[in-house]
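**Student:** Residue numbers (the working numbering), protein chains in the order written: chain A, 1 to 234; chain B, 1001 to 1234.
Number of protein chains: 2
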Amino acid sequence: MTDTASAAAATVSKSEQAYAAVKSRIVDGSYSPGYRLVLAKIAEDLGVSVVPVREAIRRLEAEGLVKFERNIGATVSGIDPTEYLYTMQTLSIVEGAATALSAPLIGEADVARARAVNAEMRECLQHFDPVRFTRLNQDFHSVLFEHCPNPHILDLVHRGWNRLASLRSSTFRFVPGRAHESVDEHEALLQLIESGSSPDDIEKAARRHRSATLDAYLAQAAANDLPTPQTTQQ
Amino acid sequence: MTDTASAAAATVSKSEQAYAAVKSRIVDGSYSPGYRLVLAKIAEDLGVSVVPVREAIRRLEAEGLVKFERNIGATVSGIDPTEYLYTMQTLSIVEGAATALSAPLIGEADVARARAVNAEMRECLQHFDPVRFTRLNQDFHSVLFEHCPNPHILDLVHRGWNRLASLRSSTFRFVPGRAHESVDEHEALLQLIESGSSPDDIEKAARRHRSATLDAYLAQAAANDLPTPQTTQQ
DNA sequence: GAGTACGAAATCGTATACGAAAACTATGGT
DNA sequence: ACCATAGTTTTCGTATACGATTTCGTACTC
Chain A
1 MTDTASAAAA
11 TVSKSEQAYA
21 AVKSRIVDGS
31 YSPGYRLVLA
41 KIAEDLGVSV
51 VPVREAIRRL
61 EAEGLVKFER
71 NIGATVSGID
81 PTEYLYTMQT
91 LSIVEGAATA
101 LSAPLIGEAD
111 VARARAVNAE
121 MRECLQHFDP
131 VRFTRLNQDF
141 HSVLFEHCPN
151 PHILDLVHRG
161 WNRLASLRSS
171 TFRFVPGRAH
181 ESVDEHEALL
191 QLIESGSSPD
201 DIEKAARRHR
211 SATLDAYLAQ
221 AAANDLPTPQ
231 TTQQ
Chain B
1001 MTDTASAAAA
1011 TVSKSEQAYA
1021 AVKSRIVDGS
1031 YSPGYRLVLA
1041 KIAEDLGVSV
1051 VPVREAIRRL
1061 EAEGLVKFER
1071 NIGATVSGID
1081 PTEYLYTMQT
1091 LSIVEGAATA
1101 LSAPLIGEAD
1111 VARARAVNAE
1121 MRECLQHFDP
1131 VRFTRLNQDF
1141 HSVLFEHCPN
1151 PHILDLVHRG
1161 WNRLASLRSS
1171 TFRFVPGRAH
1181 ESVDEHEALL
1191 QLIESGSSPD
1201 DIEKAARRHR
1211 SATLDAYLAQ
1221 AAANDLPTPQ
1231 TTQQ
């Protein structure tokens, strides 16, 4: 997120470097779910000792990106259907709130930018480009919640997105129809914001936008006989 | 939270012990906001080395209980008005959601227990016992959200409460009228749950319950000329 | 007398080292 | 051929050690 990479490395602790390095590898998919994170190995790769690496990994654990078991080690955490449900449900709530809180601060330029992004997303649907679609999707939503005045909520939203990042484009692949609906809902959201709708309505719409993705996934999972967790009403 | 103290200490890592020890001291007030957490000193007190202590402190930092500055050290984080707003707003959202998700799972016994607690809270108002009042308040709300089927949301709620724990009973003291309103709202919440109201209504009520506390505090703060952060609509 | 510069003490950040636990492998028995 | 067991290897958990950075106190200068 905030990473000026090599520059100003002197003022950045090694623990911080390790954190950024491992995190980006997880989020960008270089380390995929289940990948075994061996402290000594990572330490050597990064040219630091194990202590800062360990610290970095524990931080990532706190964010849910890594699973750390005592005396066993760390692995990049995958998302099983239950976890997916928990994460999406939580994200639906905090993202809805973040969007509602942001709405009054979203200007015309922001809306225009979001529209442009959404138009590109439509193109991706034609050319079937899931990777790009997913990145644009994140861009779109960033516009919606980046002005959120409450940093705690914003942080929770970012964590949720990071958590989902390892599933990159899977929704698009698993639930083809959903992507089309999604861009339509984006447009509807923008209109709600433009028209100065109540925060409450915006929150509901933003929530439903995500819940719908979850529901589509669950339906698909049920059809494919994947284990679905106990249903919880939203 | 889950701490069987001395028993089974062998299976618990020192880092874990340190985490639990420092956390409880912060939450119970032994270490008050601003207290300087010197790694070496804590390590000696606990009879471990600095490495696990450092790890514990960083975990607490991730939860917002501790502020850690590079090359300077760790202090128990206080809550200034802005932070208080952020925390309460976030809590209002996640707690509202947690309560709504729990509601269908709350049984008669739970409601009865909550009523008993609330009755005790009324007594505390008469005898002016803020400490006890605050503890009972937590008990009351625990009944409401402890059945939340989404552990991620539940965890966020717990973090919020911990974060507020250092302000123990301050609301009661600062905004006297609020405590009376609070117990009334508790009763109203229970009735909503008993009557099987929609999750949406329960969520709204739970949210407003907390927002009202925040608003009361902000009004008080404004009257006393405390610095109030930019107002954000909820 | 106040402000600045220098030095000592305290504290942090990280490397290294070693004991402990788990995972793996090979060997022997049924 | 398969399972159990003992030994080996890997990897973690934590103690200790030391260089780096900050803070505090003191002395010196204007």
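The C-beta atom is built at its ideal place from N, Cα and C for all residues, glycine as well. Computed from a prediction, not measured in an experiment: that's the story for all the values here.
Using a beta-carbon distance cut-off of less than 8 Å, what residues from the segment 136-155 of chain A approach chain B?
**Tutor:** Going along the segment 136-155 of chain A in chain order, one finds P149, N150, P151, H152, I153 with a Cβ nearer than 8 Å to chain B.
**Student:** For a cutoff of 7 Å on Cβ pairs, would you count B/Q1017 as touching chain A?
**Tutor:** No, because no Cβ of chain A sits closer than 7 Å to the Cβ of B/Q1017.
**Student:** Measure how close the beta-carbons of B/R1210 and B/M1088 come, nearest whole angstrom, since I'm counting them as under 8 Å.
**Tutor:** 6 Å
**Student:** Near B/G1078, what residues of its chain come up, given a Cβ to Cβ distance below 6 Å and the 5 sequence neighbours on each side ignored?
**Tutor:** The answer, listed in chain order, is P1033, G1034.
**Student:** Any chance you could list the beta strand (DSSP E) runs of at least 3 consecutive residues sitting entirely within the segment 79-132 of chain A, in chain order?
**Tutor:** none
**Student:** Just to confirm the assignment: which complete alpha helix (DSSP H) runs, minimum length 4, are found wholly within the segment 1048-1080 of chain B?
**Tutor:** 1050-1062
**Student:** Quick one: which chain B residues come within Cβ less than 8 Å of A/I93?
**Tutor:** I1093, V1094, A1097, I1153
**Student:** Going by DSSP, what residue range makes up the alpha helix (DSSP H) through A/P33?
**Tutor:** From DSSP, A/P33 is part of no alpha helix (DSSP H); its letter is neither H nor E.
**Student:** For the candidate residues B/S1049, B/G1064, B/P1130, B/A1212, whose alpha-carbon lies nearest to that of B/D1184?
**Tutor:** Nearest option by C-alpha distance: B/A1212.
**Student:** CB-CB under 8 Å to B/L1037, same chain, minus the five flanking residues each way: which ones, in chain order?
**Tutor:** V1022, Y1031, I1057, V1066, G1073, A1074, T1075, V1076
**Student:** Using 8 Å as the Cβ pair cut-off and three pairs as the minimum, do the segment 110-128 of chain A and the segment 1130-1141 of chain B touch?
**Tutor:** no
**Student:** Which value, in whole angstroms, describes the spacing of the CA atoms of B/S1195 and B/G1096?
**Tutor:** 18 Å
**Student:** Which residue's Cα is closest to the Cα of B/Y1217: B/V1094, B/R1122, B/R1178, B/H1186?
**Tutor:** For the options B/V1094, B/R1122, B/R1178, B/H1186, the alpha carbon positioned closest to that of B/Y1217 is the one of B/R1178.
**Student:** Taking only the alpha-carbon atoms, compute the straight-line gap between A/L214 and A/R163 and give it to the nearest angstrom.
**Tutor:** 15 Å
**Student:** Output, in chain order, the set of chain B residues within a Cβ distance shorter than 7 Å of A/E55.
**Tutor:** E1055, R1058
**Student:** CA-CA distance, A/Y86 and B/A1098?
**Tutor:** 12 Å
**Student:** Is the shortest distance between the beta-carbon of B/T1134 and the beta-carbons of chain A less than 7 Å?
**Tutor:** Proximity of B/T1134 to chain A, defined by a Cβ-Cβ separation below 7 Å, is not satisfied.
**Student:** Could you tell me which of A/E16, A/A114, A/A62 sits nearest to A/Q191, measuring between CA atoms?
**Tutor:** A/A114
**Student:** Suppose contacts are defined by Cβ-Cβ distances below 7 Å. Is B/V1157 in contact with B/F1140 by that definition?
**Tutor:** No, these two residues do not count as a Cβ contact at 7 Å.
**Student:** Between the beta-carbon of B/V1053 and the beta-carbon of B/I1042, is there less than 7 Å?
**Tutor:** yes
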